Structure formats: C-alpha cells, structure tokens
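Note sheet for the following structure.
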Amino acid sequence: MSASDTAGLKVTLYKRCLRDMDDNGIAASGSNAIICPLCWKEARLDELTIEHVIPGSVGGTLKTLTCKKCNNDQGSRIDSHLSNYMRTQDRFSGNKPMKAKMTVAGYPTSVDIDWLKGRKDIRIIGQATNPKNSLAIQRLFSEGKNPPLEFTIPYGFSDDGIRLAILRCAYLSVLSTSGYSLLINPAMGKIRGRFHDPDLKVPCIRPLTVFVKGMKEEVGDYQHCYCNGHVDRVPFLFVLLFLRTSVTKCVGAFLPMPSDASDTFFELMGQVEKENTSLSIVAASGNWLCFPAALSKNR
Ligand SMILES: [Zn+2]
C-alpha cells in the first residue's frame, strides 16, 4: 500500500469513526478527535494508526484505527502470541522447518527439524553451531555411539497469551463491522481492561475463547463471522476468526451484548466452563453473518 493510499484509508476510517461516535452519542472534548476504541482516550488524527483487526502475520487484511500507544504496546505484547502460535502450527504441519536447540551428549547445536508424517528430519545448522561441536557429534555417531539427545523448542506463546490475542481480534472485528455501538456496553469496558493490564485476572479470558477443531478449508476468504446466541437468556455474540499462514486455523470468542444482565455475562461463562452442562448455550444456528475480506476491507 502506497503512502497516499495509507493516508486516504486513515482519513476514511477516521471519518467513519466520527460518524459512528455521533450515532452512538459519544463525544470527544477536543475538536478533530476520536475516542480510541481500545483505551477509550481521545486521540487526534495524527495520534492514530491503522491497525489490523487480525494481525497481518496471520493473514489479516481488515483494518481499523487505534491510537499509537495501544497499537505499539499491545501489538507486540499480545499479538505476538498469535503470530508465534501460527508459526508453530506451520512447522508442525511440515511446511517449514522448526528451529530448535539440540544438545548431543552435552554438545549444544542449533538445528532445523522437518516435522514430516512418520518421520522427523533433523539438520544441524552449520552457521549457527560451533564447528568443534559439529565434529564431536559426527565422531560420536561414526563410532556407533548412541548419544543422548535433548531438544529445546522455543514456542514464543502461552495459552493465556493466545486467548487474550483472540479476544482482542474479536473485539476489533466487532469494531470494524459494527462501529462503537457494541463497545459502549460497560461489560466490553471490562474486556478492554484486560488488554491494558497484564496483571488483571478478571474477567477470566479462558471461558470466552475457543479453538475450533475440524474446520475445513472451504471457508473461502472469510476473515470473521458472527452469530448471536444466549446463555441462560443473557445474550452474547460469538465471533469466529480465521487465521491463515500456510495452514488455516479457526478460533472464536464470546463477547457480551448490551442487556440488563450483561454484568452477569462473565459469571455465567465461567460457570459454563466449570460445570460444562449446567447452563444452556443456545446459538442461533444458520444465522451467521460472514465477512469476506473483499467486501469488508474498505469499511
Ligand atoms: Zn488507545
């Protein structure tokens, strides 16, 4: 994207934000300022950046506006979990070699592992390994010794980290399709709190996020889909997100919808996870709203 395209898109998104704020009765005190959808603080056009709804490193092309601080701070701290998660999926699928540290009888080396079906190929990376160690290992194997191998594979993500990143993508996806209308719900403010403070434990993210297994490739180029449902009559929005590198993974998040009982939403979702069957989650199946990249990228 050229600099003038980027500037044009920024202005388009900015005008859309101003309109959305007006429609939802949100006002900024400064002129030519919008409310950053992540920190809910005012930001002028020059303080805003274009942010991917789903990180570009995992195939996202939809864009929205957030303030520079939120984009920089949360991009590296939160989104990196998602990028590293997908990189690992790529490598376990055998599409790219997996980088690892291997110690052979106490000699450290750097290796590439090809994760193939029925077999794993391991290659010592000459440039990243002390030649003396390579020679010593070669000798051990040529003498018919059976040296012990130890591997360390740096994943660069945690379960909690990926889940927070999924929730953030789902939140931004709601912004990109519905504007501020669903974000002004106070329960959404509690979710925003989690993006800012890594020490916060409430609301618990785990029951709000899912890894969807068994999705087929025929999801086209959809980046996200929605459906509505309710848990014990408290409404929720379920956002499905498609992450793409050389593999496609589908993840999802439950977000609160405005309702008189939305403050009990997190409690109910926590119970669903703990007790599994004691509450009924009803999804309005067959009522998916899908967003192909081609249609929504300029929204
Ligand atoms: Zn912000």
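Taking my numbering, the leading residue of the sequence shown gets 6, the next gets one more, and so forth. Every residue, glycine too, gets a C-beta built ideally from N, C-alpha and C. Source: prediction; values computed, not measured.
- Closest in C-alpha terms to K101, from the list W120, G111, N89, comes W120.
- Just measuring C-alpha positions, the residue of S178, L18, R82, A133 sitting nearest M107 is A133.
- Fully enclosed beta strand (DSSP E) runs of no fewer than 3 residues occupy 103–109, 112–121 of the segment 102–126, in order along the chain.
- Taking the C-beta atoms as reference points, L242 is found no nearer than 8 Å to M274.
- C44 has its Cβ nearer than 7 Å to a heavy atom of ligand 1.
- In this model, D126 and D95 are separated by some 16 Å (Cα to Cα).
- Annotation for Y19: I39, L50, L53, L70 place their beta carbon closer than 8 Å to its own, counting only its chain and skipping 5 residues before and after.
- The Cβ atoms of N138 and T114 lie closer than 8 Å to each other.
- In the DSSP assignment, P240 falls within the unbroken beta strand (DSSP E) covering 239–249.
- Here DSSP, grouped into helix, strand and coil, assigns K206 to coil.
- The C-beta of L180 has 16 or more other C-beta atoms within 10 Å across all chains shown, which makes the residue buried.
- Beta-bridge partners of E56 (DSSP): T69.
- Here K122 is exposed, its C-beta having fewer than 16 other C-beta atoms within 10 Å.
- When only Cα atoms are considered, S98 and N89 end up about 14 Å apart.
- From the listed residues E272, V244, K279, P240, the smallest Cα separation to D265 is found for P240.
- Scanning L187, L67, V215 for the CA closest to the CA of D28 turns up L187.
- Per DSSP, reduced to three states, the secondary structure at G275 is helical.
- Within its own chain, the residues whose Cβ lies closer than 6 Å to the Cβ of I83, once the five positions on either side in sequence are excluded, are L169, A170, R173, listed in chain order.
- Taking every protein chain shown into account, the CB of Q143 has fewer than 16 other CB atoms within 10 angstroms, so this residue is exposed.
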